[in-house]
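To keep things clear, I will list the structure first and then write my remarks on it.
2 protein chains.
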Amino acid sequence: MLPATTRSKAEAKLSRPVQVAEAIKDWVVEQRLQAGDRLPGETELIERFSMSKGTIREAMRILEAQGLIKTRTGPGGGSFVHEVSRQRAKALLGNYFYFKDLTIGDIYQLRLTLEPELAASLAGKLSEEILRALEENIAEYSEPATDIDEERTQHVASLRFHTILAEQAENPLLGFVIDFMVNLLSDLTVYRRLYSPPNVELWQQGHDHQQALVKALRDGDPDAARAIMSDHMETAWKLMRRQEVKMQNRFISE
Amino acid sequence: MLPATTRSKAEAKLSRPVQVAEAIKDWVVEQRLQAGDRLPGETELIERFSMSKGTIREAMRILEAQGLIKTRTGPGGGSFVHEVSRQRAKALLGNYFYFKDLTIGDIYQLRLTLEPELAASLAGKLSEEILRALEENIAEYSEPATDIDEERTQHVASLRFHTILAEQAENPLLGFVIDFMVNLLSDLTVYRRLYSPPNVELWQQGHDHQQALVKALRDGDPDAARAIMSDHMETAWKLMRRQEVKMQNRFISE
DNA sequence: ATCTATTTGTACGTATGTATT
DNA sequence: AAATACATACGTACAAATAGA
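The listed protein sequences derive, respectively, from chains B and U. Just so you know, our numbering puts 193 at position 193 of the first sequence, and the rest follows in order with no gaps. Just so you know, our numbering puts 98 at position 98 of the second sequence, and the rest follows in order with no gaps.
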C-alpha cells in the first residue's frame, strides 16, 4: 500500500501557492501521515520552502478547500491532516454538475440499477438499530400529505430513507454515488402542474415498498430486496415524471 | 433555472477567507455570471469586502482549488468564472476515496451494471469519427503482449476504450462515474503472481468483445451492445481477479 | 479568573512578474 | 520597444484565539 502521487503532465506554469500545496501533499504521502496527524507550523513551512507567509497561507487554503486539512489557532494548534468528509466530497462534485444541466431522468437511469444492487447487498447485514431507524423514518410519512408544503417535506423525508441505506453500503463507491444522487434530488425545487393532482395511489405504493423492503432486509433475502427496490425505483420515477419536476442548478453547501 | 446557494447550518465559525469565498460564490450566482465571465479585480474586491489583499487572495485560491475560477496576470487579466473541468472533478473526488480503501471488486460491482447501460444508450448515436477512434484504439492491442511491461501498456490502452465511450455519454452523471472508475483502474499498479501466467484466451475474448461492440454501436443495436458489454465486463473482471491486482491509494493529479 | 505563551489570522506597503497594446 | 494594467510575492507588524499555569 505504498501511496504515491502521480506527477506528470504538460505541467503548465503553476502558481507558487499551488506548487507549494502539491509539494505539501506529496510530503504528507511520503511521511505516511494519517488523518489527525499534525503538519509543520506556518513558520516552519516558511523556512522549509523559503516562501513568504502569504504564499504558504494560500497553499494551506488550497489544501483546506479540498478538504485535506483542518486548521486551528492557539497553542497546540496548527494544521492537521483530515480525511475528506463525504459532505465535502459531495459539495465539490456538485460544483462540477452545477454546469451540466442534469435531468431527473439522468439520475434515475443510475438509481434504477444501482439502488436495487445496494438493497441486495445489504440484506441480512443491517443491525437492528439501523432497521429501526429505517422504520422510524417511514413512520414520518405514514399518512398522505394534505398540502403541497407537507408533501415536499414528506418527499425529502422519504429520500432520507435511501440516504440511510447508502451510508450502510459496504462498497464505498456504491454508497457515495447513491448518496450523492439522493442529495441532488433532495435539493431540487418541485414545481407541480396544477392539473397534476397528488397521486395518492403511487405514493401509497412507495410507502408499502419501503416497508416491504425493511422486512426483506431483516429476513436476509437479497433477491426480494432487489426486486422490491427495483419496483420502488420505478414507482418513484413515475411520481417524479408526473409531477413535472425541474432540476435547478445550485451549489451544494457543506 | 434560477441558481441559488443553500446557505444554512450550524455554521461553525468559518475563517474569513472561506466566508469571502462563499460570498463571492453567491455573488457570482446572483449576477448570473457564466463560465468565462470576469470577476472584479483584486483591488475592487478589497474595497467591496473591506478585506486586506491577503484575505482576498486566500479566498481566490479557495475558489481556484475548487476549479470554479481561473486567474490570469497581465492587462485584461484577472479572475474568470470557469466551468469545473471533468479532470478537476475526478481529482477532487479521488481525494475522498484516497482514504477509503476501495477494492477492485467495489469498482466492478458498478461497472458491471453501468457500462452495459452506457453501451446500450450509445447504440446508433456515435459519429463515424468516434467509431473510427474506437477502432484505432483497439488496434493498439491487436497482438498479445510479449512481456509484462507491454501488457501493462495494453491494459491501460484497453481502458482508454471505455474512457472514449464515457466521454460520449448523453447522461453526464453516467459518463462521469464511468470515467472516474476507469481512471482509478488505469492508475493502479498491477502486481501479478508469478504462477499466474498471462491468460491469452481471456485477453483475446476482451479484444473480440470490443470489436463486436463497435459493430453493434455502428449498427444501432442497443440490445446487442448491452449484451456484449455485459460479457466484456465479466471477462475483464475475471482477468483482474486472476492477476491478483491490488489497489494502491494515491492522489489523482490534474 | 487572569495572565501568558503559542500559533494562526489579518493588514498593509512595496517590489516584482507577466502579458497585452 | 515601451507603457500599462493586472496579478504575484515578500516582510513586517499587530490582532485574535486557545490551552495551560
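Even glycine gets a Cβ: it sits at the ideal position worked out from N, Cα and C.
- Message: Let me check one thing: in DSSP terms, what residues is B:G78 bridge-paired to?
- Response: Beta bridge pairing from DSSP links B:G78 with B:R72.
- Secondary structure of B:R32, DSSP reduced to three states: In this structure, B:R32 counts as coil in the three-state DSSP scheme.
- Item | Contact with chain B by U:F49, beta-carbon distance below 8 Å | No, U:F49 lies away from the interface with chain B (no Cβ there is under 8 Å from its Cβ).
- Rounded to a whole number of angstroms, what is the C-alpha to C-alpha distance between U:A145 and B:E115? So the alpha carbons of these two residues sit roughly 39 Å apart.
- Query: Would DSSP call B:F251 helix, strand or coil?
  - Reply: Shown here, B:F251 sits in a strand according to DSSP, grouped into three states.
- Under the rule that 16 or more other beta-carbon atoms within 10 Å means buried, what is U:S121, buried or exposed? Buried, by the Cβ-count rule.
- Task: Would you check if the distance between the CB atom of B:R67 and the CB atom of B:H82 is smaller than 8 Å?
- Result: This sequence places Gly at residue 67 of chain B; Arg is not what is there. Contact: yes.
- Item | Anticipated Cβ contact below 8 Å, B:L184 with B:I107, distance rounded | So it is a contact: roughly 6 Å between Cβ atoms.
- Would you call U:D179 buried or exposed, if buried means 16 or more other Cβ atoms sit within 10 Å of its Cβ? U:D179 comes out buried.
- Query: In or out: U:R241 buried (at least 16 other Cβ within 10 Å) or exposed?
  - Reply: With fewer than 16 other beta carbons inside 10 angstroms of its own, U:R241 counts as exposed.
- Query: Can you find a CB in chain U that lies within less than 8 Å of the CB of B:L17?
  - Reply: It should be pointed out that residue 17 of chain B corresponds to Pro in this sequence rather than to Leu. It does: the Cβ of B:P17 has a partner Cβ on chain U nearer than 8 Å.
- Query: How would you call U:G76, buried or exposed, if buried means at least 16 neighbouring beta carbons within 10 angstroms?
  - Reply: When all chains shown are included, U:G76 counts as exposed.
- Message: Between U:T113 and chain B, is the shortest Cβ-Cβ distance under 8 Å, so that the two count as touching?
- Response: Under the Cβ distance rule, U:T113 counts among the residues neighbouring chain B, one pair being separated by less than 8 Å.
- Item | Cα-Cα separation between U:L14 and U:A21, rounded to whole angstroms | Rounded to the nearest angstrom, the gap between the Cα atoms of U:L14 and U:A21 is 11 Å.
- Query: Rounded to whole angstroms, how far is the Cβ of B:G124 from the Cβ of B:F251, which I believe are closer than 8 Å?
  - Reply: Between B:G124 and B:F251 a beta carbon distance of about 39 Å is seen, past the 8 Å cut, so the two are scored as non-contacting.
- Identity of the residue in U:L202, U:K215 and U:F176 nearest U:Q87 by Cα: Per the Cα distances, U:F176.
- Query: Using the beta-carbon count (16 or more within 10 Å), is B:I69 buried or exposed?
  - Reply: Its Cβ being crowded by 16 or more others within 10 Å, B:I69 is buried.
- Decide yes or no for the touch test of the segment 135–144 of chain B against the segment 216–228 of chain B: beta carbon pairs closer than 8 Å, at least 3 of them. The segment 135–144 of chain B is not in contact with the segment 216–228 of chain B.
- Message: Which residues of the segment 146–179 of chain B have a Cβ closer than 8 Å to any Cβ of chain U? Give them in chain order.
- Response: Residues of the segment 146–179 of chain B with a Cβ closer than 8 Å to any Cβ of chain U, in chain order: N171, P172, L173, L174, F176 and V177.
- Test: U:E234 CB closer than 8 Å to a CB of chain B: False, the Cβ-Cβ gap to chain B never drops below 8 Å.
- Query: CA-CA distance, B:E44 and U:R16?
  - Reply: Just so you know, the alpha carbons of B:E44 and U:R16 end up roughly 23 Å apart.
- Task: List the endpoints of the continuous alpha helix (DSSP H) containing U:K238.
- Result: Under the DSSP assignment, U:K238 falls in the alpha helix (DSSP H) whose first and last residues are P222 to R242.
- Task: Could you tell me whether the Cβ of B:D106 comes closer than 8 Å to any Cβ of chain U?
- Result: Judged by the 8 Å Cβ criterion, B:D106 is in contact with chain U.
- Message: Does B:L55 pass the burial test, meaning 16 or more other C-beta atoms within 10 Å, or should it be called exposed?
- Response: According to the sequence provided, residue 55 of chain B is Thr. The question's Leu does not apply to it. Looking at its Cβ environment, which holds 16 or more other Cβ atoms inside 10 Å, B:T55 is buried.
- Can you pull the chain U residues whose beta carbon is under 7 Å from the beta carbon of B:Q66, in chain order? Simply A65, L92 and N95.
- Kindly list the residues whose CB is nearer than 7 Å to the CB of U:A224, restricted to its own chain and excluding five residues on each side of it in sequence; keep chain order. Around U:A224: A216.
- Have a look at U:T73 and B:K238 and give me their C-alpha separation to the nearest angstrom. Cα to Cα, U:T73 sits roughly 51 Å from B:K238.
- Cβ-Cβ separation, B:M181 to B:L110 (assumed contact under 8 Å), whole Å: Yes, B:L110 and B:M181 are in contact; Cβ-Cβ is about 6 Å, under 8 Å.
- Taking B:A58 as the query, report the chain U residues whose CB atoms sit under 8 Å from its CB, ordered along the chain. Residue identity differs from the one stated: residue 58 of chain B is Glu in this sequence, not Ala. Neighbours of B:E58 in chain U, taken as residues whose beta carbon is under 8 Å from its own, are R57, E58 and R61 in chain order.
- Candidates U:G220, U:N171, U:D231 and U:D187, of which the one nearest U:D208 by Cα: Of the listed residues, the one whose Cα sits closest to U:D208 is U:D231.
- Among U:K90, U:E129 and U:S52, the one whose alpha carbon lies nearest that of U:E42: Measuring from the Cα of U:E42, the nearest candidate turns out to be U:S52.
- Using only alpha-carbon positions, find the residue among B:A133, B:I46 and B:L188 that is nearest to B:Q243. Considering only alpha carbons, the answer is B:L188.
- Message: Could you give the first and the last residue of the continuous alpha helix (DSSP H) run that contains B:A145?
- Response: That residue, B:A145, is in no alpha helix (DSSP H); it is neither H nor E in DSSP.
- Message: Between B:Q243 and chain U, is any beta-carbon pair separated by less than 8 Å?
- Response: Closer than 8 Å: no.
- Message: Checking the sheet assignment: what are the DSSP bridge partners for B:R38?
- Response: Answer is B:F80, bridged to B:R38.
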